[in-house]
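Chains as they are written, first to last, in the numbering used here: chain A, 29 to 262; chain B, 2 to 520. Comments concern the structure below.
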Amino acid sequence: MWLLVIALLIPAQEGKRLFESQCALCHGQDGGGGRGPTLLKPKLGKAPDDTTLQNVISNGLPPEMPGAWQLNPREVKELAAFVKSLGSIPPEIVSGDPGLGREVYAKSACATCHAVSGKGSGVGPELTNLGARRNAAHLREAIIQPDSALPEGFMLLEASPLKGPPVKGIRLAEDPFTIQLIDIAGRLHSFRRSDLKNLNKLAKKSPMPAYGNLSATDLDNLVAYLASLKGNQQ
Amino acid sequence: MTLLLLAVLAQSQVPFDRIANASKEPGNWLTYSGNLEGHRHSPLAQINTTNAINLKVKWAYQFGNQGNQTTPIVVDNIMYVSGPNKVTALDTRTGRPFWNWSRPIPGDYQSIGFGRTNRGVAILDDMVYVATLDCYLVALDAKSGIERWSVKAGDYKLGYSFTVAPLAIKDKIIVGTSGGEAGIRGWVDAYDAKSGDRSWRFYTIPGPGEPGNETWMNDAWKTGGGSTWVTGVYDTAANLIYWGVGNPAPDWNGDNRPGDNLYSCSFIALDGDTGKLKWHFQFTPHDVHDWDAAHVPILFDAEVRGRKRKLIANANRNGFYYLLDRESGEFLSGKSYVKQTWAKGLDDNGRPILIPGQDPSPEGTLVWPSLNGATIWFSPSYSPLTRLYYVAAREKASIYFKREAEFKPGTFFAGGGEQALDRNEEWGAIRALNALTGEQKWEFKLVSPPWAGVLSTAGNLVFAASNEGNFFALDATTGKPVWDFQTGSRINSNPMSFSIEGKQHVAIAAGSVLYVFGL
Chain A
29 MWLLVIALLI
39 PAQEGKRLFE
49 SQCALCHGQD
59 GGGGRGPTLL
69 KPKLGKAPDD
79 TTLQNVISNG
89 LPPEMPGAWQ
99 LNPREVKELA
109 AFVKSLGSIP
119 PEIVSGDPGL
129 GREVYAKSAC
139 ATCHAVSGKG
149 SGVGPELTNL
159 GARRNAAHLR
169 EAIIQPDSAL
179 PEGFMLLEAS
189 PLKGPPVKGI
199 RLAEDPFTIQ
209 LIDIAGRLHS
219 FRRSDLKNLN
229 KLAKKSPMPA
239 YGNLSATDLD
249 NLVAYLASLK
259 GNQQ
Chain B
2 MTLLLLAVLA
12 QSQVPFDRIA
22 NASKEPGNWL
32 TYSGNLEGHR
42 HSPLAQINTT
52 NAINLKVKWA
62 YQFGNQGNQT
72 TPIVVDNIMY
82 VSGPNKVTAL
92 DTRTGRPFWN
102 WSRPIPGDYQ
112 SIGFGRTNRG
122 VAILDDMVYV
132 ATLDCYLVAL
142 DAKSGIERWS
152 VKAGDYKLGY
162 SFTVAPLAIK
172 DKIIVGTSGG
182 EAGIRGWVDA
192 YDAKSGDRSW
202 RFYTIPGPGE
212 PGNETWMNDA
222 WKTGGGSTWV
232 TGVYDTAANL
242 IYWGVGNPAP
252 DWNGDNRPGD
262 NLYSCSFIAL
272 DGDTGKLKWH
282 FQFTPHDVHD
292 WDAAHVPILF
302 DAEVRGRKRK
312 LIANANRNGF
322 YYLLDRESGE
332 FLSGKSYVKQ
342 TWAKGLDDNG
352 RPILIPGQDP
362 SPEGTLVWPS
372 LNGATIWFSP
382 SYSPLTRLYY
392 VAAREKASIY
402 FKREAEFKPG
412 TFFAGGGEQA
422 LDRNEEWGAI
432 RALNALTGEQ
442 KWEFKLVSPP
452 WAGVLSTAGN
462 LVFAASNEGN
472 FFALDATTGK
482 PVWDFQTGSR
492 INSNPMSFSI
502 EGKQHVAIAA
512 GSVLYVFGL
């Protein structure tokens, strides 16, 4: 049994070693991106299947990505398997009933801010493929303590114009001269910074209320429902 | 008519004297940094803090490829722009092309550790010089674009590659190579401008028997890196070329290369005729963070501690601003200009006083600045009017990882890498530093660490750009914004200024487009 485990692990270790020596310079040590794009996705846009991923590794994506021509087919396969594992959620057993969780989702008015498969609001993050990107522990934390489980780059802002009331919303875009945000009611706002008397960045804050008052069963069911959302995995 | 034609042709010659005296003809832009001192400063003053708000796009040119980094060269109403293995001559009055030249990129070419780009051309007499990704230096007829000669400088299959804008000095063309992540042995080359014959080569990693080789062990010098991928500068009176040298290889694992690893992460001063080293100054001895000195040095003269000095200045990728004597390489002063967490400061010789535990590690080590540094290849600017040093500064950390490094020619030889933090924890700024002390006079904040250079002008303006596509002008004295324009693309280039029929314009490449602005 141990021999089998070791035999299974060796390719993964080899793929990791190859990734760190040949890919991490651009894609980041954890695959989270840098000079090159993030690979922490359930499905890679330019390498959606195993064969394409292996071709991309071998031949590169001109003009920016060089091909790893020096790797033999076995090494390419191992590297591809490791890259694929970066954006995957390991299979896990999630307690709770997804069907009942869907009812909790509806009852809790989650669709006021979120959308699943085209239904709901687009103010907050779309959840259509959430279960392919996040594990159950993260989903549970995001429900109970939204402030501690924010998406990368998320920022809540309070913009106070020189004229008119302040606007609180989620940053959509920002540059040195302008800022664009969406408020909780779904209204889009765009300001020149010179037209603001104050711009308050509410770092590590979510506009989402904490749902710590859900019963343990409802929470399990809601997590199970969100974990089941595998979407189109793009 | 004949007389007029002769006059036009005569004007189009660019003898070296014109380049050496570039400030006397501010309507042209004759060398990568505008002048040989690396100032990227335009003496033109028609566009100023009062009227810059009226700047408008006058024409645009589509390159046909993304991420352009070229600085245009302008000579007598002709603008020369470059891309990867291509050059175009444009009419500055209409934006229309006079000619195009290109050279196929070999199918098996790989750019190892950098993008397929080109930062510009050089002009000298009647020829335009471009350095190509497949490591050729090519001379083109300035009027027709016909190729006069080409010379192979290095083997791209081993990682040698050109992205640099060549530098024309006297009768020579100077180039440096990319490839620091492939375990190359870097060099600076000089070629005869007329024939293409190589005049000299200076290896940035000294071989056995050469001074500096003792700073390498285990034959690590053979794969020591030391690329030279950003255009240097030239002191005409001293006949010295000043050039920045890149990181040692492998980048993040220094175990097999104990020692200072000269002349990596250094400025070197080379004799223009022979390529002999006059002095060196190493900013980051035994670098393990990829903080190569890939910078345009800035030369100016000033009084320091009661004595008139010839100076060379650099805001370095490692987070410190340095002032050196350019006759001797003597360290005069240094000061951090961004957040840095790896050194307590600099000692009397400018050597960093290290904080223990900041090297890359198997589990990751958080250090400021990031792998791409506090600033990098994109140009700073020096204004002789404000006597300020302007720099696009990056405030960003990396978690540095150390891994095994195995050398295979023509592949990554890096020994680790980085992991970035959440983008909410990084930002940038355009900063004005006292050129003598490095003290910050003002800053204009950016929402992300920039990847574009700056231009100062006699109109008391500083032009700069953002990752979010803004091209903008700041008051050079106060840093207050004066004008901005959304180009629609991340900007990875350096601005420049020139005249069209006596009227000042400003140009910048943004993504796939070259924009030219005027009043």
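Where is the CB? At the ideal position from N, CA and C, for every residue including glycine.
With respect to the alpha helix (DSSP H) encompassing B/L437, which residues constitute its N-terminal and C-terminal limits? No alpha helix (DSSP H) holds B/L437; DSSP gives it neither H nor E.
Who are B/H281's beta bridge partners in DSSP? B/I269
From A/A255 to A/N163, what distance separates their C-alpha atoms? 7 Å
Restricting to Cα atoms, I'd like to know which of B/A316, B/P381, B/D348 and B/R120 is closest to B/T133. B/R120
Taking Cβ-Cβ distances below 8 Å as the criterion, which residues of the segment 425–454 of chain B are in contact with chain A? N425, F445, K446, L447 and V448
Segments assigned alpha helix (DSSP H), at least 4 residues, entirely inside the segment 107–190 of chain A: 126–135, 158–161 and 164–172
Neighbour list for B/A421 in chain A, Cβ cutoff strictly below 9 Å: G56, G60, G61 and G62
According to the neighbour-count rule (16 or more other Cβ atoms, all chains shown, within 10 Å of its Cβ), is A/Q173 buried or exposed? exposed
Counting only C-beta atoms, is B/F402 closer than 8 Å to chain A at any point? yes
For B/S490 and chain A, any beta-carbon pair shorter than 8 Å? no
Does A/V195 come out as helix, strand or coil in the three-state DSSP assignment? strand
Can you tell me which of A/D203, A/P94, A/A170 and A/L107 puts its alpha carbon nearest to the alpha carbon of B/L447? A/D203
Out of B/T32, B/S34, B/F64 and B/D77, which has the shortest C-alpha to C-alpha gap to B/Q521? This structure cannot speak to residue 521 of chain B, because chain B is shown only from 2 to 520.
What is the residue span of the beta strand (DSSP E) that B/F17 lies within? B/F17 -> not in any beta strand (DSSP E); alpha helix (DSSP H) instead, spanning F17 to A21.
Bridge partners - B/I431, DSSP secondary structure assignment: B/A393 and B/F445
For A/Q50 and B/F413, what's the separation of their Cα atoms in angstroms? 6 Å
Quick one: Cα of B/A23 to Cα of B/V231, how far? 20 Å
For chain E, is any of its Cβ atoms less than 8 Å away from the one on A/M183? Reference to chain E is not applicable here, since the protein chains of this structure are A and B.
Alpha carbon to alpha carbon, how far is A/C54 from A/A252? Give it in angstroms, no decimals. 35 Å
Just the Cα atoms here: how many angstroms apart are B/E469 and B/T488? 9 Å
Interface residues of chain A facing B/S1 [CB-CB closer than 7 Å]: The shown model of chain B, from 2 to 520, leaves out residue 1 of chain B, and the question about it has no answer.
Given a threshold of 16 other Cβ atoms within 10 Å of its Cβ, counted over all protein chains shown, does B/G480 qualify as buried or as exposed? buried
Kindly indicate if chain A contains any beta-carbon less than 8 Å away from that of B/K409. yes
On the three-state DSSP scale, how would you describe B/S83? strand
Listed in chain order, which residues of the segment 192–223 of chain A have Cβ atoms closer than 7 Å to some Cβ of chain B? E202, D203, P204 and F205
Cα separation between B/W452 and B/A393? 8 Å
Span of the beta strand (DSSP E) holding B/H287? No beta strand (DSSP E) holds B/H287; DSSP gives it neither H nor E.
Using the C-alpha atoms, what's the distance from B/P27 back to B/D18? 14 Å
In whole angstroms, what is the alpha-carbon distance linking B/H506 and B/I48? 8 Å
Taking the Cβ atom as the reference point for each residue, do B/D156 and B/C136 lie within a distance shorter than 8 Å? yes
Using the three-state DSSP reduction, which class does B/R186 fall into: helix, strand or coil? strand
Return helix, strand or coil for B/A90, following the three-state DSSP convention. strand
Comparing the C-beta of A/Q50 with each C-beta of chain B, is any distance below 8 Å? yes
Same chain, Cβ closer than 8 Å to B/L241, five either side skipped, listed in chain order: Y235, A270, L271, D272, G273, K279 and R327
Using a threshold of 7 Å, is the CB atom of B/Y110 nearer than that to any non-hydrogen atom of the ligand SAH? By its list of ligands, the structure shown contains no ligand whatsoever, and the ligand SAH lies outside what it can speak to.
Step through the CB atoms of chain A and report whether any lies within less than 8 Å of the CB of B/D193. no
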